[in-house]
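Student: Residue numbers (this note's numbering): 292 to 569.
Provided herewith is a single structure, encoded as structure tokens, for subsequent inquiry.
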Amino acid sequence: RRLYHMLLESLYEKHNVRINVAGTVESISHITADILYECYRVFYNLSNMKLIVCGDVTVDEVNEVCDKVLKEQAPVEIIRDYPEEKAEVFVPRAEYAMQVGKPLFAIGVKNTAIPADGYGRMKLAATAEILNEVLFGKAGEFYNKLYEEGLLSGQFSAGYDIVESFSFNSLFGESRDPDAVFARFKECVEDAKKNGLSEEDFERSKRALYAAMVKVFDSTDDIANYFLSYALDDGDLLDYVDILSKVTFEDVTELLHAAYKPEYYTLAIVKPIETEEQ
């Protein structure tokens, strides 16, 4: 958790996403009853909520329960003020010492070119996930070479986060030498830019994402979570397959060249606390 917050603090200088929602002793000391009531009045308003129900129930049954337990509220206008962020990362490298057995790392790639509509953001996310699978998937050369060299373990993942006001790509893992992994990450990206991506890997990665989405529909919990996640950002889970089908090899190549630049990269490291014996 600490590593994730370090990554956000390194990527963003002003955006609220860099603030730990758990707060600090200092920030909590300034919270008053009036502030709590104001937050409750504004954000816990029905006009600012989404309800997703997945299971063996009908719309009428859900509506009946809602009518019984929810009180009618007048809509509240919410003004969301997101400060303008520069395209470059705030801190290129951050380090923190904790009681961990092996260094943990997070590589972030900041992207401020965010589509204005939910459908567009879903397409960007799908494009980015395909690119992740092509470049950093566990079936690919980057992961397997570093795994064989002992620079990566099985605890490695890549993912893309995007909402209306921020987006970034991230790679998480553990390594005896995070800086070496970061250097190889940059080499991998530059090699892909210079020599081009593999269309065969593109098609394979696209099929892998199809399969992963089909698997989501095995679980009512997963279905509800995905529906809610997309709905909160003006998207629709049922559009995903259509969006994925429209992502082209050219889209992925364009994203590689536009989004992957050194000034958009950051490396966050949680390293073991050094003892006297060490």
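All C-beta atoms in this analysis are idealised placements derived from N, C-alpha and C, irrespective of residue type, glycine included.
Where do the N-terminal and C-terminal ends of the alpha helix (DSSP H) with Arg-498 fall, by residue?
Tutor: Counting along the chain, the alpha helix (DSSP H) containing Arg-498 begins and ends at 490 to 507.
Student: What do you reckon, are the CB atoms on Val-472 and Leu-426 nearer than 8 Å?
Tutor: Contact: no.
Student: Can you look up Leu-529 in the DSSP assignment and give me helix, strand or coil?
Tutor: Here Leu-529 sits in helix by DSSP.
Student: Measuring only the C-alpha atoms, how far is Glu-554 from Val-505?
Tutor: Rounded to the nearest angstrom, the two C-alpha atoms are 36 Å apart.
Student: Quick one: does the C-beta of Thr-403 sit closer than 7 Å to a heavy atom of the ligand GDP?
Tutor: Because no ligand of any kind appears in the structure shown, any question about the ligand GDP cannot be addressed here.
Student: For my contact list, Lys-562 and Pro-394 are in at a C-beta cut-off of 8 Å; report their separation, rounded to the angstrom.
Tutor: With 8 Å as the limit, Lys-562 and Pro-394 qualify as a contact, their Cβ atoms being about 5 Å apart.
Student: From the DSSP output, in three-state form, read off Tyr-328 for me.
Tutor: The answer is helix: DSSP assigns Tyr-328 an H, G or I state.
Student: Do you know whose CA, among Lys-341, Thr-511, Phe-334, Glu-478, lies nearest Leu-370's CA?
Tutor: Checking the sequence shown, residue 370 turns out to be Ile, not Leu. The candidate whose alpha carbon is nearest that of Ile-370 is Phe-334.
Student: Rounded to whole angstroms, what's the CA-CA distance from Tyr-517 to Tyr-501? Just pull it up for me.
Tutor: Cα to Cα, Tyr-517 sits roughly 14 Å from Tyr-501.
Student: Under the rule that 16 or more other beta-carbon atoms within 10 Å means buried, what is Lys-414, buried or exposed?
Tutor: Burial call: buried.
Student: For Tyr-387 versus Asn-423, is the C-beta spacing smaller than 8 Å?
Tutor: No; because the gap between Cβ atoms is not below 8 Å, this pair is not in contact.
Student: Which same chain residues, not among the five before or five after Val-543, have their C-beta less than 8 Å away from its C-beta?
Tutor: Hits under 8 Å: Thr-418, Ile-421, Leu-422, Val-425, Leu-488, Phe-493.
Student: Exposed or buried, what is Pro-374 when buried is set at 16 or more other beta-carbons lying within 10 Å of its beta-carbon?
Tutor: The residue is exposed, with fewer than 16 neighbouring Cβ atoms inside 10 Å.
Student: Would you identify the three-state DSSP class for Val-356, choosing helix, strand or coil?
Tutor: Of the three classes helix, strand and coil, the one that applies to Val-356 here is helix, per DSSP.
Student: Take every Cβ of the segment 325 to 345, pair it with every Cβ of the segment 464 to 478, and state whether three or more of those distances are shorter than 8 Å.
Tutor: In short, these stretches do not touch, since the Cβ pair count stays below three.
Student: Whole angstroms are fine: how far does the CA of Val-360 sit from the CA of Ala-430?
Tutor: Taking the straight line from one Cα to the other gives about 49 Å.
Student: Helix, strand or coil: which one does DSSP assign to Asn-516?
Tutor: In this structure, Asn-516 counts as helix in the three-state DSSP scheme.
Student: Could you please give me the residues that DSSP links to Lys-401 through a beta bridge?
Tutor: DSSP lists Phe-459 as partners of Lys-401.
Student: Have a look at Val-344 and Arg-384 and give me their C-alpha separation to the nearest angstrom.
Tutor: Each residue's alpha carbon lies about 42 Å from the other.
Student: Starting from Gly-431, trace the alpha helix (DSSP H) in both directions and tell me its first and last residue.
Tutor: Where Gly-431 is concerned, there is no enclosing alpha helix (DSSP H), given that its DSSP letter is neither H nor E.
Student: Where does Tyr-451 fall in DSSP's three states?
Tutor: Tyr-451: strand per DSSP, three-state reduction.
Student: I'd like to know whether the C-beta atoms of Gly-399 and Ser-466 end up nearer to each other than 8 Å.
Tutor: Not closer than 8 Å, so no.
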